[in-house]
Amino acid sequence: MIALAVGGFFHDFNAAAYNAQTGMIAAAEEERFSKRKHHPIVRAKKSSLHSIDFALSKIGADRSQVEYLILSDVQFCPLHAYLISIFPDAHIHFVEHHLCHAAAGYFCSGFNDAAIVALDGFGDLRSGLLAHGKGASIHQHEHISMQNSIGLEYLRVTNQIGLGLYGSEGKTQGLASYGEPKFYDDYLNEIQFHSNGKFDLSDSLSSLKGFIDEEHYSQQKVFYNSFLAERVPRRFCDEPILQVHMDAAASIQKVLDYAVENAAQAMKRATGSKNLVLTGGVAQNSTTNGAILKSGLYDQVYAHPSSSDRGNGLGALLYFVNHYLKESVSLKKPIVYGGGEYDQFEIDKAISAVGLESKILDAPMEETAALISKGNIVGWFQGRSELGARALGNRSILADPRKVENKDILNKKVKHREWFRPFAPAVLWEDAQNWFDTDRPLAYMQFTVPVREPRRDEIPAATHEDGSARVQTVSKEDNRKFYDLISAFKELTGVPVLINTSFNDSSDPIVETPQDALKCLLKTDLDYVVLADRLIKNPSH
Ligand SMILES: [Fe+2]
14 MIALAVGGFF
24 HDFNAAAYNA
34 QTGMIAAAEE
44 ERFSKRKHHP
54 IVRAKKSSLH
64 SIDFALSKIG
74 ADRSQVEYLI
84 LSDVQFCPLH
94 AYLISIFPDA
104 HIHFVEHHLC
114 HAAAGYFCSG
124 FNDAAIVALD
134 GFGDLRSGLL
144 AHGKGASIHQ
154 HEHISMQNSI
164 GLEYLRVTNQ
174 IGLGLYGSEG
184 KTQGLASYGE
194 PKFYDDYLNE
204 IQFHSNGKFD
214 LSDSLSSLKG
224 FIDEEHYSQQ
234 KVFYNSFLAE
244 RVPRRFCDEP
254 ILQVHMDAAA
264 SIQKVLDYAV
274 ENAAQAMKRA
284 TGSKNLVLTG
294 GVAQNSTTNG
304 AILKSGLYDQ
314 VYAHPSSSDR
324 GNGLGALLYF
334 VNHYLKESVS
344 LKKPIVYGGG
354 EYDQFEIDKA
364 ISAVGLESKI
374 LDAPMEETAA
384 LISKGNIVGW
394 FQGRSELGAR
404 ALGNRSILAD
414 PRKVENKDIL
424 NKKVKHREWF
434 RPFAPAVLWE
444 DAQNWFDTDR
454 PLAYMQFTVP
464 VREPRRDEIP
474 AATHEDGSAR
484 VQTVSKEDNR
494 KFYDLISAFK
504 ELTGVPVLIN
514 TSFNDSSDPI
524 VETPQDALKC
534 LLKTDLDYVV
544 LADRLIKNPS
554 H
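Structure follows, in C-alpha cells:
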C-alpha cells in the first residue's frame with residue numbers, strides 16, 4: 014500500500030509518502046525544486062508536483078500506485094480539488110491543520126508520552142492545539158482560535174517594524190536582543206491568559222472575523238492592529254531601525270515566551286508528562302524554545318525542526334497511518350538529511366557548464382578547515398540535502414567564528430541581509446558543554462542557549478548581542494563529514510566551533526543541486542565552494 018500526503022496550502026507546499034510493505038517514509042519540500050522561497054501557493058497551483066514525485070520515488074513508487082491521498086487541512090482550498098483530480102482512484106482523507114503539526118512533532122520526537130504545544134499563525138480557522146501524545150494516539154485537549162493567534166501577533170510586529178511578512182519572524186527574534194520589552198505590560202493588559210493554557214487577544218490586537226481568505230491575506234489586512242499603530246511608528250524596509258522598533262521586537266518576544274510557557278505549564282498539569290513537544294511555526298522561535306528548556310518544566314523538550322507548515326505533509330501522513338490505519342509508526346527522530354543527492358558525474362557536469370576550474374582535494378576536511386581558518390568563507394555541499402529551514406552541515410556556508418568581522422561580511426556580502434542578524438555556531442558534541450550552557454545534544458539548531466561567559470570573546474562572530482547562540486551540536490553519528498571538518502578546524506585552531514549558516518542568498522531557498530551552489534557562488538562574495546571533494550574558487554576573487 015502506498016500513501017501520499019501533502020501540506021502547506023498557503024505556503025511551503027510539501028509532500029510525504031509511505032510504503033506499507035517496506036515501511037519506508039520520505040518527505041520533500043517544493044521550494045527546493047521551484048527555487049521560490051516558501052513556495053507561495055497562490056503562484057504555484059499546478060506546478061506543485063515535483064515534491065510529490067520526489068517523495069514517491071524515494072519510497073520506490075509512482076503516482077499510479079497511490080492508494081491513499083491525505084490532505085493537510087480540512088478547510089477547502091482550490092489545490093485540494095486539483096490534487097484529488099490527479100489521483101481519481103485514491104481514497105481521500107483530510108487531517109486538521111494543527112493535528113498535522115502535532116503529529117509531525119510527536120511522531121518524530123522519540124517520546125512515547127508527551128505534552129504537545131502546537132502554535133502557529135493560522136490554519137483551519139485555528140492558531141493552536143494543546144494535546145497529549147500517548148503511544149500511537151494524540152488526544153486533543155484545547156484549541157486556540159485564529160482570532161487569538163499569538164503567531165500572527167508576532168508577524169504583525171515584524172510587519173510594523175519593516176522586517177517583512179511571513180518567513181521574516183526570525184529577524185524580529187534577532188532584533189529583540191537589542192531592545193527593552195517596554196510594551197510588555199501593555200500587552201499583558203490586552204491578553205488574557207487562562208489556566209488551561211489558552212489565551213484571548215483583545216480587539217485592539219485582533220479584530221479578525223471569519224476566515225482569512227486568499228484575497229484578505231494578500232491585501233495584508235490581517236497584518237495591522239491599533240495597538241501597534243498607537244505605539245510603534247510604521248517602518249518601511251530601508252528606513253533606519255529606531256530604538257522603538259527594537260523595543261517592539263523585545264516586547265513581543267517576551268510575550269511569546271510567556272504565552273508558550275503558560276501553555277507548557279498547563280499541559281504539564283493536564284498530562285503529568287515529563288516530555289514536551291513544541292511544534293507549529295511558533296516552535297521555530299529558538300529563543301522561546303531555549304527559555305522553555307531552561308525553565309526545567311519538563312525533563313525533555315523536543316522542538317520539531319520542520320515545525321512550520323513545511324512539515325505538514327509528513328504530519329498528515331503520520332497522523333493518518335497511526336490514527337486511521339492503526340499502524341503504530343513513529344520515526345523516533347526527524348528526517349534531517351532527506352533531500353536529493355548528486356553524484357560525481359552530476360557535480361563535474363555542473364562545474365564545466367559554468368566554465369569554472371575545480372581542484373580535487375586529497376583531504377577535503379583538512380584543506381577546507383585550513384581555508385576557513387585563514388578567513389575564507391566557504392560553501393559546503395555534501396551528501397543529501399537537509400529537510401527543513403536549517404542547514405545542518407550538508408548545504409552550509411561556513412566561516413571562522415573567531416573573527417568578529419565575519420558576521421558583517423556574511424550579512425552584507427554573502428547573505429545580503431540585515432546587520433543585526435546573528436549567525437549560529439556548530440560545535441563538536443564532546444566540547445559543547447565547555448562552550449555553551451547545555452548538558453544535552455541540540456542537534457537541530459532549534460534552541461538558543463547562553464555561550465559560556467569566558468568563551469564569548471573567543472567566538473565573537475557566533476555570539477549574539479545578548480551572549481546567546483542558536484547552537485548545533487554535532488556528533489559522529491549525526492553527520493560524520495561535518496564532524497570531521499569541525500574536528501580538523503579544532504586541530505588547527507583549538508576552537509571546536511564553526512559558523513554554520515544555510516547555503517543560500519537570503520531571498521532564495523537553501524541550495525539543492527550543484528548548479529544552485531555554483532549560482533550562489535557567482536552571485537555572492539563567497540570565497541570558495543566545496544562540492545563533495547571538488548574545490549571551486551570564486552572567479553571574481
Ligand atoms: Fe501552520
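Residue numbering for the sequence shown follows our numbering, beginning at 14 and increasing consecutively. Idealized CB from N, CA, C, for every residue including glycine. Remember, predicted model here, so these are calculated numbers, not experimental data.
CA-to-CA distance, residue j to residue i, given in whole angstroms
i: Leu-112; j: Glu-155; result: 12 Å
i: Phe-124; j: Asn-288; result: 7 Å
i: His-258; j: Lys-195; result: 11 Å
i: Tyr-31; j: Asp-251; result: 46 Å
i: Ile-549; j: Gln-88; result: 48 Å
i: Pro-509; j: Asp-421; result: 22 Å
i: Gln-357; j: Ala-439; result: 27 Å
i: Gly-134; j: Thr-171; result: 13 Å
i: Ala-363; j: Arg-547; result: 11 Å
i: Arg-56; j: Arg-468; result: Only weak support exists for where Arg-56 lies, its pLDDT of 48 falling under 50; the value from the coordinates is given anyway. Straight-line Cα distance between these residues: approximately 47 Å.
i: Asp-361; j: Asn-517; result: 20 Å
i: Ser-219; j: Val-235; result: 8 Å
i: His-63; j: Ala-41; result: 9 Å
i: Met-159; j: Glu-166; result: 11 Å
i: Gln-528; j: Glu-478; result: 36 Å
i: Ala-369; j: Arg-248; result: Per the sequence shown, residue 369 should be read as Leu rather than Ala. Whole-angstrom Cα-Cα distance: 43 Å.
i: Pro-13; j: Ser-409; result: Outside the shown range of the chain (14 to 554) lies residue 13, about which nothing can therefore be said.
i: Asn-209; j: Phe-100; result: 42 Å
i: Val-542; j: Lys-50; result: 22 Å
i: Thr-35; j: Cys-121; result: 19 Å
i: Leu-291; j: Ala-131; result: 6 Å
i: Asp-491; j: Thr-381; result: 20 Å
i: Leu-168; j: Asp-216; result: 17 Å
i: Gly-148; j: Tyr-119; result: 10 Å
Burial state of residue i, where buried means 16 or more other Cβ atoms lie within 10 Å
i: Ser-398; result: buried
i: Ser-553; result: exposed
i: Val-417; result: exposed
i: Thr-526; result: buried
i: Phe-224; result: Residue placement at Phe-224 is poorly supported in this model, since its pLDDT is 46, which falls under 50; the coordinates still yield a value, given next. The residue in question, Phe-224, is exposed, as its Cβ has fewer than 16 Cβ neighbours within 10 Å.
i: Asn-447; result: exposed
i: Asn-424; result: buried
i: Ala-94; result: exposed
i: Met-37; result: exposed
i: Trp-432; result: exposed
i: Ala-68; result: buried
i: Arg-45; result: buried
i: Lys-372; result: exposed
i: Asn-513; result: buried
i: Asn-202; result: exposed
i: Arg-415; result: buried
i: Ser-70; result: exposed
Near ligand 1: residue i beta-carbon under 7 Å from a heavy atom
i: Gly-293; result: yes
i: Gly-136; result: yes
i: Asp-270; result: no
i: His-554; result: no
i: Asp-322; result: yes
i: Asp-133; result: yes
i: His-114; result: yes
Cβ-heavy atom distance, residue i to ligand 3, below 7 Å
i: His-110; result: Here the bound small molecules are ligand 1; ligand 3 is not part of this structure.
Integer Cβ distance of residue i from residue j, believed to fall under 8 Å
i: Asp-444; j: Arg-465; result: That pair is no contact at about 11 Å.
i: Glu-379; j: Ala-501; result: 5 Å
i: Ile-204; j: Ala-262; result: Between Ala-262 and Ile-204 the Cβ distance is about 17 Å, and since that is not below 8 Å, they are no contact.
i: Thr-301; j: Val-273; result: 5 Å
i: Asp-126; j: Ser-286; result: 5 Å
i: Ala-18; j: Ala-29; result: 5 Å
i: Ser-85; j: Phe-23; result: Between Phe-23 and Ser-85 the Cβ distance is about 11 Å, and since that is not below 8 Å, they are no contact.
i: Leu-142; j: Gln-153; result: 6 Å
i: Asn-407; j: Gly-396; result: 5 Å
i: Ser-239; j: Tyr-197; result: The Cβ separation is near 18 Å, so there is no contact.
Every unbroken beta strand (DSSP E) within the stretch 519-548, with a cutoff of 3 residues, ordered by chain: Look at the stretch 519-548 and you find these whole runs of beta strand (DSSP E), each 3 residues long or longer: 541-544.
If you scan the stretch 340-395 from start to end, which runs of the beta strand (DSSP E) of 3 or more residues do you find wholly inside it? Runs found: 391-394.
Whole beta strand (DSSP E) runs in the stretch 167-221 with 3 or more residues, listed along the chain? You should have 204-206 and 212-214.
Please specify which runs of the alpha helix (DSSP H), each continuous and at least 4 residues long, are wholly inside the stretch 93-154, giving them in chain order. Listed in chain order, they are 110-122.
Which full runs of the beta strand (DSSP E) of 3+ residues lie inside the stretch 289-325, going along the chain? The stretch 289-325 contains these whole beta strand (DSSP E) runs: 313-316.
Which runs of the alpha helix (DSSP H), 4 residues or longer, sit entirely within the stretch 414-462? Counting only unbroken stretches of 4 or more residues, the alpha helix (DSSP H) elements lying wholly within the stretch 414-462 are 418-422 and 445-448, in sequence order.
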